[in-house]
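Asker: I am attaching a structure below and will ask some questions about it afterwards.
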Amino acid sequence: MERLQRHQKLIFAIIGGAVAALATPPTNIYPALFIGLAMLAFALDDAPSTARAFGRGVAWATAAGIVGMRFVPDVVQRFTSLGTAAAVAALVLLAAAQSLLWGIGSAATNLVQRRAKVPLEVAFATGTLIALSLPSVFAWTPAGIVCPWTSLVQLADLIGERGVSVLFAICAALLARALKAALSTELRTKRFRQTIAYPFAAALTIIAVVAAYGSWRISSLAKQSTTARTMRIALVNQAVGPLDRWDPKNHASILQNLQALTREAEARGVDLTVWPEAAYPYPLDHDVARNPRGPRSILGRDLQGPILFGLITLERPKSIGNGQLELNSRNSATIVTPDGAIQPSYDKLELLWFGETVPLGAHLPWLRRIFQKSGGLVPGTEARALMLPREGGDVRFGVLNCYEDTLTDVGRRVVREVRPNVLVNVTNDAWFLGSAEPELHARLARMRAVEHRVHLVRSVNLGVMSWVDDRGIEVLRDESPKASTIIATPTIGDGSLTVYARFGDLPLAVLLTITIAAFAWRASWNRPQGDGAEKQAVDKNETSASGETRAGS
């Protein structure tokens with residue numbers, strides 16, 4: 095019992111992570127996210143050392159990852175020969191690896207709370223921003239997970255997905271403060287309203303104000319869209335299995351099926367057809383400028399175009415010394431126009447770790463060559479607009495390839511450099527058919543539309559195809575396991591930049607830094623002259639507590 099009591103906050107963190115993950119599909123209990131975050135904040139409050147705070151953050155995020163990614167073992171067993179035990183182990187390892195980000199954020203929370211003497215609300219907000227700013231395999235955020243509650247995320251065009259998540263963290267810290275007081279205060283004392291009711295009411299007030307603003311913003315944007323130009327875009331799901339796509343004997347039938355779906359869409363009168371990621375089954379040279387002739391022709395018989403399609407492009411062989419050549423390729427998207435011209439491609443900027451590249455492979459070519467000795471996929475070097483001539487001015491498409499539409503930084507880079515009128519995502523989610531991953535992917539993608547106030551259309555193979563408007567609302571969606579086409583009519587935006595597109599997370603980071611500095615200055619000003627002994631005691635406490643962290647506390 096004594097051991098259990100000593101680790102009660104660690105246990106609280108683990109339970110909180112599992113609770114927070116209930117906000118993910120298929121359970122979709124969105125209030126659970128706030129409760130789970132509050133339980134993490136409570137576990138971190140007054141942690142005796144940075145090391146123990148790190149451990150609690152890791153425990154919380156590992157539990158959240160195991161529950162939120164519970165589809166992983168099924169996917170692993172479907173495509174490998176691994177048994178149930180190994181598949182579950184893969185899930186735990188993945189969740190633990192992802193949890194390091196929240197461990198770092200939790201350590202930062204503890205550090206600024208103890209050293210700068212800032213309130214838990216500021217400390218937890220800072221730690222959350224740090225955790226969400228670090229690179230990860232799956233960039234899931236509190237705001238992205240609950241974005242179906244669209245009124246709660248409308249501030250994203252001002253402060254971004256991370257900023258909205260920081261607001262949620264502040265609310266969670268207030269709830270944690272109220273919980274702490276409730277566990278240590280007699281409910282009938284005169285201090286009840288100050289210590290319990292006030293923080294709880296403050297958290298609810300913040301959420302209510304954010305929701306009220308969001309409702310007003312949604313209404314105002316709806317009125318603005320009534321006079322805007324639109325276009326008809328066909329989104330194609332060719333329903334090709336993940337292994338079938340790479341079998342050469344299937345390539346001819348895959349292309350014929352894509353052309354048949356496109357022919358049906360053009361008969362309904364569309365301005366553009368979009369094929370998913372790597373849908374065109376044959377590789378083309380990276381500098382290709384014309385539609386291939388013969389059976390590999392993209393337009394094919396009776397097709398007018400234009401078609402925006404995903405493909406693999408091949409770079410020219412590159413000498414890497416010792417008589418060796420490196421043959422690299424890119425995960426690309428481009429447009430073929432009715433006259434057969436192919437535009438310079440947009441190449442995926444951020445390759446998926448482990449699936450497409452080794453971590454940091456884009457920055458450390460020597461590391462990539464260890465695992466890809468003869469070459470492999472390499473990232474693009476610039477964001478590039480795909481253009482479609484149209485009356486009233488060319489339409490500029492900003493492409494987000496595969497999971498890039500879940501990445502705040504990639505979305506912001508593309509928007510800043512391209513100034514798109516419409517965002518287009520091409521994805522192949524066939525590997526995760528029947529799991530919660532396609533829904534999670536689609537959910538996070540909606541945040542790009544809100545951050546940049548631009549319509550987003552998603553052409554997905556065996557996933558969630560959707561049209562998302564500039565309010566983050568799914569106007570149209572299709573998740574059929576069979577070949578299908580939907581027609582979206584997105585608004586053609588003016589290419590202007592939102593506040594978040596211009597400044598990113600910098601204003602929020604500066605605000606938190608100034609706040610921390612102010613509290614640190616006040617703490618140093620009020621610190622007694624003999625505080626050196628106290629500091630030594632704190633450092634000694636940290637040293638002794640770090641030993642407990644090895645046991646997971």
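Residue numbers (this note's numbering): 95 to 647. Here a beta-carbon is modelled for each residue, glycine too, at the ideal position from N, C-alpha and C. Please read these numbers as outputs of a predicted model, since none were measured by experiment.
On a CA-only basis, which of Leu268, Lys412, Asn416, Gln332 is nearest proline 375? Give me that one, please.
Answerer: Here residue 375 refers to the residue found at position 281 when the sequence shown is read from its first residue. Considering only alpha carbons, the answer is Gln332.
Asker: Rounded to the nearest angstrom, how far is the Cβ of valine 489 from that of valine 516, given a contact under 8 Å?
Answerer: For this step, residue 489 is matched to residue 395 along the sequence shown. For this step, residue 516 is matched to residue 422 along the sequence shown. The Cβ separation is near 7 Å, so the contact holds.
Asker: Go ahead and label alanine 372 buried or exposed: buried means 16 or more other beta carbons lie within 10 angstroms of its beta carbon, across all protein chains shown.
Answerer: For the purposes of this step, residue 372 is taken as residue 278 along the sequence shown, with counting starting at 1. With 16 or more other Cβ atoms within 10 Å, it is buried.
Asker: Secondary structure at leucine 482, three-state DSSP: helix, strand or coil?
Answerer: Here residue 482 refers to the residue found at position 388 of the sequence shown. Leucine 482: strand per DSSP, three-state reduction.
Asker: Can you have a look at glutamate 628 and say buried or exposed, based on whether 16 or more other CB atoms are within 10 angstroms of its CB?
Answerer: As a position in the sequence shown, residue 628 is number 534, starting the count at 1. A caution first: glutamate 628 carries a pLDDT of 48, below 50, which makes its placement in the model too unreliable to give a value.
Asker: Please state the DSSP three-state secondary structure of phenylalanine 106.
Answerer: Counted from its first residue, the sequence shown places residue 106 at position 12. Here phenylalanine 106 sits in helix by DSSP.
Asker: Find the nearest neighbour of glutamate 476 within the set Thr299, Val504, Ala263, judged by alpha-carbon distance.
Answerer: Counted from its first residue, the sequence shown places residue 476 at position 382. Per the Cα distances, Val504.
Asker: With glutamate 360 as the anchor, note down where its alpha helix (DSSP H) starts and where it stops.
Answerer: One-based indexing of the sequence shown puts residue 360 at position 266. Unbroken alpha helix (DSSP H) run through glutamate 360: 345-361.
Asker: Out of curiosity, what's the CA-to-CA distance linking glycine 626 and alanine 617?
Answerer: Taking the sequence shown and counting its residues from 1, one reaches residue 626 at position 532. Taking the sequence shown and counting its residues from 1, one reaches residue 617 at position 523. With a pLDDT of 48 at glycine 626, under the threshold of 50, the predicted position of this residue should be treated as unreliable, though the coordinate-derived value follows. For glycine 626 and alanine 617, the distance between alpha carbons rounds to 14 Å.
Asker: What does a CB cutoff of less than 7 Å around valine 166 pick up in its chain, not counting 5 residues either side in sequence?
Answerer: Residue numbering aside, residue 166 sits at position 72 when the sequence shown is read from its first letter. Answer for valine 166: Ala184, Leu185, Leu188, listed in chain order.
Asker: Are there 16 or more other CB atoms within 10 angstroms of the CB of glutamate 531, so buried, or fewer, so exposed?
Answerer: As a working mapping, residue 531 is identified with position 437 in the sequence shown. Per the 10 Å Cβ criterion, buried.
Asker: Excluding the five sequence neighbours on either side, which residues of its own chain have a C-beta within less than 7 Å of the C-beta of isoleucine 160, listed in chain order?
Answerer: By one-based count along the sequence shown, residue 160 stands at place 66. Answer for isoleucine 160: Leu185, Val186, Ala189, listed in chain order.
Asker: To the nearest angstrom, how far is it from the Cα of alanine 306 to the Cα of threonine 324?
Answerer: The residue you call residue 306 lines up with position 212 of the sequence shown. The residue you call residue 324 lines up with position 230 of the sequence shown. The alpha-carbon atoms of alanine 306 and threonine 324 are separated by roughly 29 Å.
Asker: Where does aspartate 441 sit, in a helix, a strand or coil, going by DSSP?
Answerer: Residue numbering aside, residue 441 sits at position 347 when the sequence shown is read from its first letter. The answer is strand: DSSP assigns aspartate 441 an E or B state.
Asker: State the start and end residues of the unbroken alpha helix (DSSP H) segment that holds arginine 311.
Answerer: Sequence index remark: in the sequence shown, residue 311 carries index 217 (1-based). 292-318 is the span of the alpha helix (DSSP H), which, as asked, contains arginine 311.
Asker: With a threshold of 8 Å on Cβ separation, who are the neighbours of alanine 153 within its own chain once the five nearest residues in sequence on each side are excluded?
Answerer: On the sequence shown, position 59 is the one that residue 153 refers to. Hits under 8 Å: Leu104, Ala107, Ile108, Gly111, Ser193, Gly646.
Asker: Quickly, what does DSSP pair glycine 582 with across the bridge? List them, please.
Answerer: In the sequence shown, residue 582 corresponds to position 488, counting from 1. What sits at residue 582 in the sequence shown is alanine, not glycine. DSSP output for alanine 582 lists Ile327 as bridge partner(s).
Asker: Whose C-alpha, out of Pro119, Ala147, Ala427, Pro389, is nearest the C-alpha of leucine 214?
Answerer: Here residue 214 refers to the residue found at position 120 of the sequence shown. Answer by Cα proximity: Ala147.
Asker: With a threshold of 16 other CB atoms inside 10 Å of the CB of valine 113, please say whether the residue is buried or exposed.
Answerer: For the purposes of this step, residue 113 is taken as residue 19 along the sequence shown, with counting starting at 1. Burial call: buried.
Asker: Taking DSSP's pairing of strands, which residues face alanine 427 in a bridge?
Answerer: By one-based count along the sequence shown, residue 427 stands at place 333. Beta-bridge pairing links alanine 427 to Gly404, Tyr440.
Asker: CB phenylalanine 218 to CB alanine 275, shorter than 8 Å?
Answerer: The residue you call residue 218 lines up with position 124 of the sequence shown. The residue you call residue 275 lines up with position 181 of the sequence shown. Their beta carbons are not under 8 Å apart, which means phenylalanine 218 does not touch alanine 275 by this criterion.
Asker: Write down the C-beta distance between alanine 427 and leucine 408 rounded to the nearest angstrom, noting that I regard them as a contact closer than 8 Å.
Answerer: In the sequence shown, counting from the first residue as 1, residue 427 sits at position 333. In the sequence shown, counting from the first residue as 1, residue 408 sits at position 314. 15 Å between Cβ atoms; not a contact.
Asker: Quick check: the Cα distance between asparagine 204 and leucine 138, rounded to an integer number of angstroms?
Answerer: Stepping through the sequence shown from its first residue, residue 204 is reached at position 110. Stepping through the sequence shown from its first residue, residue 138 is reached at position 44. Cα-Cα distance, rounded: 7 Å.
Asker: So, glycine 308 versus threonine 367, is the Cβ gap smaller than 8 Å?
Answerer: Taking the sequence shown and counting its residues from 1, one reaches residue 308 at position 214. Taking the sequence shown and counting its residues from 1, one reaches residue 367 at position 273. It is not a contact, given that the beta carbons lie outside the stated cut-off.
Asker: Assuming alanine 237 contacts alanine 225 (C-beta within less than 8 Å), just tell me the rounded distance between them.
Answerer: For this step, residue 237 is matched to residue 143 along the sequence shown. For this step, residue 225 is matched to residue 131 along the sequence shown. With 8 Å as the limit, alanine 237 and alanine 225 do not qualify as a contact, their Cβ atoms being about 13 Å apart.
Asker: In angstroms, rounded to a whole number, what distance separates the CA positions of serine 468 and leucine 421?
Answerer: Your numbering for residue 468 matches position 374 in the sequence shown. Your numbering for residue 421 matches position 327 in the sequence shown. Below a pLDDT of 50, predicted positions are generally treated as unreliable, and serine 468, at 47, falls in that range; the measurement from the model is reported next regardless. Taking the straight line joining both Cα atoms gives about 6 Å.
Asker: Which residues mark the beginning and the end of the alpha helix (DSSP H) in which glutamate 255 is found?
Answerer: In the sequence shown, counting from the first residue as 1, residue 255 sits at position 161. Looking at the DSSP string, the run of the alpha helix (DSSP H) that includes glutamate 255 is 250-278.
Asker: Can you round the beta-carbon distance between glycine 557 and threonine 521 to whole angstroms, since I take them to be within the 8 Å contact cut?
Answerer: Position 463 of the sequence shown, counted from the start, is the residue given in the question as residue 557. Position 427 of the sequence shown, counted from the start, is the residue given in the question as residue 521. Their Cβ separation, rounded to whole angstroms, is 6 Å, which keeps glycine 557 and threonine 521 in contact under 8 Å.
Asker: Taking the alpha carbon of alanine 595 as the point to measure from, which residue in Tyr124, Pro514, Ile429 has its own alpha carbon closest?
Answerer: The residue you call residue 595 lines up with position 501 of the sequence shown. Out of Tyr124, Pro514, Ile429, Pro514 has the C-alpha closest to the C-alpha of alanine 595.
Asker: Please classify leucine 298 as buried or exposed, where buried requires at least 16 neighbouring CB atoms within 10 angstroms.
Answerer: Working through the sequence shown from its first residue, we reach residue 298 at position 204. The residue is exposed, with fewer than 16 neighbouring Cβ atoms inside 10 Å.
Asker: Tell me the DSSP secondary structure of alanine 521 in three-state form.
Answerer: Start at 1 with the first residue of the sequence shown, and residue 521 comes out as number 427. Sequence check: residue 521 is threonine here, not alanine. Threonine 521 falls in the strand class under three-state DSSP.
Asker: For leucine 534 versus proline 119, is the C-beta spacing smaller than 8 Å?
Answerer: Locating residue 534 in the sequence shown gives position 440, where the first residue counts as 1. Locating residue 119 in the sequence shown gives position 25, where the first residue counts as 1. Cβ atoms of leucine 534 and proline 119: closer than 8 Å.
Asker: Do serine 578 and arginine 571 have their CB atoms nearer than 8 Å?
Answerer: In the sequence shown, residue 578 corresponds to position 484, counting from 1. In the sequence shown, residue 571 corresponds to position 477, counting from 1. Not a contact, by the Cβ cut-off of 8 Å.
Asker: Counting only the same chain and skipping the five closest in sequence on each side, list residues whose C-beta sits under 6 Å from that of glycine 197.
Answerer: Residue mapping note: residue 197 aligns to position 103 of the sequence shown, counting from 1. If we look at glycine 197 and ignore the five residues flanking it on each side, its Cβ neighbours are Phe148, Gly151, Val152.
Asker: Quick check on this structure: which residue in Ala158, Asp140, Ala233, Leu252 has the alpha carbon closest to the alpha carbon of alanine 210?
Answerer: Mapped onto the sequence shown, residue 210 falls at position 116. Among Ala158, Asp140, Ala233, Leu252, the Cα nearest to that of alanine 210 is on Asp140.
Asker: Pick helix, strand or coil for serine 553, following the three-state DSSP scheme.
Answerer: Looking up residue 553 in the sequence shown gives position 459. Strand.
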